[in-house]
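Asker: Pasting a structure below so you can have a look.
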Amino acid sequence: MKNHELTGGNMPDHRALIIVDVQPTFCEGRALGVESGNAFAERIADFVTDNADEYDLIVTTQDWHVDPGAHFSDLTVPSARNAGRPPEQKWTKPGV
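Residue numbers (our numbering): 51 to 146.
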C-alpha cells in the first residue's frame with residue numbers, strides 16, 4: 051500500500067475503487083441485457099487489471115432482488131418505510 055505515513059497529524063491517504071452494480075444480468079442476451087453491456091464489463095476488467103496497484107482497496111457491489119416484488123432491497127433509499135427519517139437514519143445496516 052502507498053501513502054500511508056502519518057505526517058503532521060494528518061490522516062493517511064488511501065484510495066479506493068468502487069465498482070457499482072456491474073453484473074452478468076446486464077450483458078447482452080441476459081434478463082436485463084443492455085447494448086454494449088459486455089464491452090462495458092470488459093473495459094472495467096481491463097481498467098482494474100491495468101490499474102490495481104493504484105488502489106488500496108477495490109470493491110464491487112451488486113444489489114439483490116428479493117420478495118416482495120420485482121425490484122426490492124431492504125436497503126433501498128428512499129422508500130415508504132423511510133419517509134420522514136433524517137438521511138443519517140435511513141440505512142439500516144451498520145457500516146453501509
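Ideal Cβ positions, reconstructed from N, Cα and C, are used throughout, including at glycine.
Can you check DSSP and say which residues form a bridge with Ala35?
Answerer: The structure shown has nothing for residue 35, since the chain only spans 51 to 146.
Asker: By Cβ distance, which residues of its chain are closer than 7 Å to Leu82, with the 5 residues on each side in sequence left out?
Answerer: Numbered from its first residue, the sequence shown carries residue 82 at position 32. Counting only residues of its own chain and dropping the five nearest sequence neighbours on each side, Leu82 has a CB closer than 7 Å to the CB of Thr75, Phe76.
Asker: Looking at the secondary structure, which residues open and close the alpha helix (DSSP H) in which Ala95 lies?
Answerer: As a first step, residue 95 is located in the sequence shown; it is residue number 45 there, counting from the start. Here the alpha helix (DSSP H) through Ala95 covers 87-101.
Asker: Could you check the C-alpha separation between Asp96 and Gly87 for me, to the nearest Å?
Answerer: Walking along the sequence shown from the start, residue 96 turns up at place 46. Walking along the sequence shown from the start, residue 87 turns up at place 37. Those two C-alpha atoms are separated by around 14 Å.
Asker: Cα separation between Val98 and Glu78?
Answerer: Reading the sequence shown from its first residue, position 48 is the one you call residue 98. Reading the sequence shown from its first residue, position 28 is the one you call residue 78. Distance between the alpha carbons of Val98 and Glu78 is about 22 Å.
Asker: What do you reckon, are the CB atoms on Thr110 and Val72 nearer than 8 Å?
Answerer: One-based indexing of the sequence shown puts residue 110 at position 60. One-based indexing of the sequence shown puts residue 72 at position 22. Yes; because the gap between Cβ atoms is below 8 Å, this pair is in contact.
Asker: Note down the Cα distance separating Glu104 from Arg80, rounded to an integer number of angstroms.
Answerer: Sequence index remark: in the sequence shown, residue 104 carries index 54 (1-based). Sequence index remark: in the sequence shown, residue 80 carries index 30 (1-based). Looking at the two C-alpha atoms, the distance is approximately 32 Å.
Asker: Please report the distance separating the alpha-carbon of Ala66 from that of Asn101.
Answerer: If you number the sequence shown from 1, residue 66 lands on position 16. If you number the sequence shown from 1, residue 101 lands on position 51. Whole-angstrom Cα-Cα distance: 12 Å.
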